[in-house]
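Protein chains: 2
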Amino acid sequence: MTSLIDCQKLDAQDPLRQLRDQFSLPDGVIYLDGNSLGALPRAAAARVAKAVTEEWGHGLIRSWNAAGWFDLPQRLGDKIATLIGASKGTVVATDTTSINLYKVLSAALSIAAHDTPLRKRVVSERSNFPTDLYIAQAICSERGYQLDLVEAGQLATALTGDLAVLMLTHVNYRSGAMFDMQAITAAAHKAGALMVWDLAHSAGAVPVELEGAHADFAVGCGYKYLNGGPGAPAFVWVHPKHADRFWQPLAGWWGHAAPFAFTPDYQPAPGITRYLCGTQPILSMTALECGLDSVLAAQDCVPGQSAMQSLRAKSLALTDLFIALVEQRCAGHDLELVTPRAHSLRGSQVGLARKTGAFAIMQALISRGVIGDYRAGSGEGDAAKDILRFGCTPLYLRFTDVWNAVEHLKQVMESGEWQRPEHNQPQAVT
Amino acid sequence: MTSLIDCQKLDAQDPLRQLRDQFSLPDGVIYLDGNSLGALPRAAAARVAKAVTEEWGHGLIRSWNAAGWFDLPQRLGDKIATLIGASKGTVVATDTTSINLYKVLSAALSIAAHDTPLRKRVVSERSNFPTDLYIAQAICSERGYQLDLVEAGQLATALTGDLAVLMLTHVNYRSGAMFDMQAITAAAHKAGALMVWDLAHSAGAVPVELEGAHADFAVGCGYKYLNGGPGAPAFVWVHPKHADRFWQPLAGWWGHAAPFAFTPDYQPAPGITRYLCGTQPILSMTALECGLDSVLAAQDCVPGQSAMQSLRAKSLALTDLFIALVEQRCAGHDLELVTPRAHSLRGSQVGLARKTGAFAIMQALISRGVIGDYRAGSGEGDAAKDILRFGCTPLYLRFTDVWNAVEHLKQVMESGEWQRPEHNQPQAVT
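If you read the sequences in order, they're chains A and B. Each residue of the first sequence is one higher than the last, beginning at 51 in this note's numbering. Each residue of the second sequence is one higher than the last, beginning at 51 in this note's numbering.
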């Protein structure tokens, strides 16, 4: 049995413990939803205030040059690149994950139509994040492709000779299950298809080696584990061998080779810059940079380890602890672990399913200051299960936080307080 | 001849004069580039700081409900609606102008393909803002449509029986020339085509009556005359009769009928909400609301006049004054007015062309604190002219500012200081 004292010892020995001081966290809260919205880096308040008052207010239009606004997508992209195994100059921070997915699917289908015109299928996982499926559904319908959704376990049989593109989210948003990026990318290529990865629950959460895995395209989110703030711009990576082959249809001025020549014909910029479109939200971009810096700060904590190596070690220790404590202390409450136990198959979150009451249990936890979230089931099999989702962000979560969170869960279950009517009030957004 | 004293009198009598106090403007600057990036409303600094510290930092994920993040696109859209002659619930603030244009062109072409399948042409103005043409070029190529660019004067002859969509920017970004929205929309409809308007240089600058003109689709910009801050989200309006007919391909979770049901099939929300896609940059959205409020504040300045009526009266007085002073005081310096003299054909800016030196003249003005901008010519005819562009934003520009700006222009021309080498240094962004 793991005790609170054991957890206090783990915190005291944690080489990343000082990284928590980078964040402004509310008193009385154990925050287990950094996989939905990362916490506020303290530096962001002053940095955004400077962008508002000095750059916008005083610099006005001059700040495009003087404050470096024009280079933000590439500068932030380079910082993201170091976290996802990509080279400098191959990532831009821009737009939203959904829109970036539209861009890369468009490019991937253009390449497929040129190189493998007889392949007319796109495959994804049925329990992929729904917005990814909506975007794929729209573009497949436009381009005359068939979108097939399969269970994760059936992927191997779906890699047939008519497959053009395989599109997957690396870490599942519900279960926290992680695909083997290298093996699946190799299998997709062996089948003659292109590979698109969504890193929404991976970037800043688990080590990613896009170039090492020889992936083709990737997108990801700025406001989850990258702590970029609510609705922070997303990112897009394209393998350099593909970047200059086609342009994507969201062809705005910022992706033009000569944006200030104001010519009526579109000429895409070389490389990843052609994945930019319109003017980006500078204030939100500014906050995103503080979020990226908060992750990169893990670089120096363990000698010889990259930021993501150090963060991964603590993340696995936190999720291992969470699973162990739930099993030790909450047994008999019908909570079912939906997250894989094997480290190689797990992201940075823990999902617990319960046949009834999952929504109310999460509301009861939130009212105690333990903030995770609830995801309703829909469909069949594992996807039909209602789950409690607990994100474990190693930058600001302590081992004692995990102990206390499970203690609250135990009390909520044993007292039956989750059955009180006030915990069953529906909310607009949950 | 108009004197400085005349201008001081105009300022003293200006019913909008107190609106300037809403803005934080740098000392020693006459800001004539609000058509590129609007000035900072003082309220925005505190409002954005609250969004960072309280909503993000303290509220964390709970702010989706508690701080009203989820309703921002519609709430801001309703404020924009009152400025562009649209009904509540028909506008959303979201994404960028380019991306919103892609959405509405996509919907317009879907409607055209269904209702008028033999029409295969899209027409726009050759001197339209280039990014609009790039987006149109991309989607026309995708959908098998021909994009024809014509001069503004040749529009009438371009409205032929094969026209599917006419896409125009209401106020030209270079010349400030304004189309007659009502007449051109009627002509497009008479020719059997749909009408798409870009209001980038109109919203907050000139009165717009989208519903009164029976327009079909419109997009516009949040960071120019709406003062929403650098890269503020843009907006999109769709006539209610079209809104539910088709969905647009950027089909993300925020446009779903039941975004938290997490179903794998896309079901578009009714009405304009289906023009939302992914998660929006909340900090930048928050600043945009302050910008919108700064425009709506003109509502109470002249009894019985809407915000846009009052602003339009002052805008025309400012641009009339600017033109008169340049002609009175800068004659003989080869500055050619490219903005129409007729009020009905003029937006809220003044463009001056010069065969040589326009870039250096603007740099010399900027070094004196008179901030307008320069747009290089390209192509033929008027489009080939290099121009000095002066935006006249009635919310914070005084008549004496116009007098002083023209005095600086006069001195720059008479002294020849624009010919100094330091004013010919190229910049990344101009």
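Glycine residues also receive a C-beta, built at the ideal position from the N, C-alpha and C atoms. Note that the structure is predicted; figures quoted are calculated from it, not measured.
Three-way DSSP call (helix, strand, coil) for S53 of chain B in this model:
coil
Residues bridged to A227 of chain B [DSSP beta-bridge criterion]
B:R396
For S74 of chain B and A93 of chain B, what's the separation of their Cα atoms in angstroms?
9 Å
Per DSSP, I189 of chain A is paired with what?
Answer is none; I189 of chain A lacks a bridge partner.
Taking the straight line between their C-alpha atoms, what separation do you get for A136 of chain A and F267 of chain A?
11 Å
Counting only Cβ pairs nearer than 9 Å, list the residues of chain B close to E192 of chain A.
S156, E192, R193 and P299
List, in chain order, every chain B residue whose beta-carbon is nearer than 8 Å to that of T369 of chain A.
Here the premise fails: no neighbours, minimum Cβ distance about 19 Å.
Starting from T389 of chain A, find everything on chain B with Cβ-Cβ shorter than 8 Å and list it in chain order.
Ordered by position in chain B, no residue passes the 8 Å Cβ test against T389 of chain A, which lies about 18 Å from the chain.
How about N222 of chain A: is its C-beta nearer than 9 Å to some C-beta of chain B?
no
What whole-angstrom Cβ distance do A426 of chain B and A308 of chain A have, given they're in contact under 8 Å?
Not quite, the Cβ-Cβ distance comes to about 10 Å (not below 8 Å), so this is no contact.
Residue range of the alpha helix (DSSP H) that includes L338 of chain A
I332 to L346
Based on Cα-Cα distance, which residue from B:P299, B:G272 and B:G321 lies nearest to K291 of chain B?
B:G321
Could you list the residues in the region 438–454 of chain B with a C-beta less than 9 Å from some C-beta on chain A, going in chain order?
none
Distance between D343 of chain B and T480 of chain B (C-alpha atoms, nearest Å):
With a pLDDT of only 45 at T480 of chain B, under 50, the local geometry of the prediction cannot be trusted, and the value read off the model is given with reservation. Going by the C-alpha atoms only, they are around 29 Å apart.
Output the distance between the C-alpha atoms of R224 of chain B and R439 of chain B, rounded to the nearest integer angstrom.
7 Å
Whole-angstrom C-beta distance between A238 of chain B and L209 of chain B, which should lie under 8 Å:
6 Å
Spell out whether any CB of chain B is found under 9 Å from the CB atom of T480 of chain A.
Low confidence applies to T480 of chain A: its pLDDT is 45, below 50, so where it sits in the model is not reliable, and the reading given next is rough at best. It does: the Cβ of T480 of chain A has a partner Cβ on chain B nearer than 9 Å.
Residue from B:L54, B:S53, B:C327 and B:L66 with nearest C-alpha to K153 of chain B:
B:C327
Is the CB of Q413 of chain B under 9 Å away from at least one CB in chain A?
no
Any Cβ of chain B within less than 9 Å of the Cβ of H458 of chain A?
no
Can you give me the start and stop residues for the alpha helix (DSSP H) that Q469 of chain A sits inside?
Unbroken run through Q469 of chain A: none, as it is neither H nor E.
Please classify D198 of chain B: does DSSP put it in a helix, a strand, or coil?
strand
Would you mind listing the alpha helix (DSSP H) stretches within the region 86–136 of chain B that are 4+ residues and don't spill past its ends, in chain order?
92–100, 113–116 and 122–131
Is C380 of chain A close to chain B? Criterion is C-beta to C-beta, closer than 9 Å.
no
Cβ neighbour criterion (16 or more within 10 Å) applied to A206 of chain A:
exposed
For V400 of chain B and chain A, any beta-carbon pair shorter than 9 Å?
no
Taking C-alpha atoms, which residue in B:P476, B:L447 and B:Q461 lies nearest to Q58 of chain B?
B:L447
Where the region 282–309 of chain A meets chain B: residues whose CB sits under 9 Å from a CB there:
A282, P283, A284, W297, Q298, P299, L300, A301, G302, W303, W304, G305, H306 and P309
How many Å lie between A95 of chain A and G127 of chain A at the Cα?
21 Å
Is there a C-beta anywhere in chain A that falls below 9 Å from the one on S344 of chain B?
no
Alpha carbon to alpha carbon, how far is K364 of chain A from P353 of chain A? Give it in angstroms, no decimals.
15 Å
Closer than 9 Å, CB to CB, is M335 of chain A near chain B or not?
yes
Among the candidates B:A62, B:M463 and B:G194, whose CA atom is the shortest distance from the CA of T406 of chain B?
B:M463
Which of helix, strand or coil DSSP assigns to G305 of chain A
helix
If you drop the 5 nearest sequence neighbours on each side, which residues of the same chain put their C-beta closer than 6 Å to that of I332 of chain B?
W119
Quick one: what does DSSP say S174 of chain A is sitting in, helix, strand or coil?
strand
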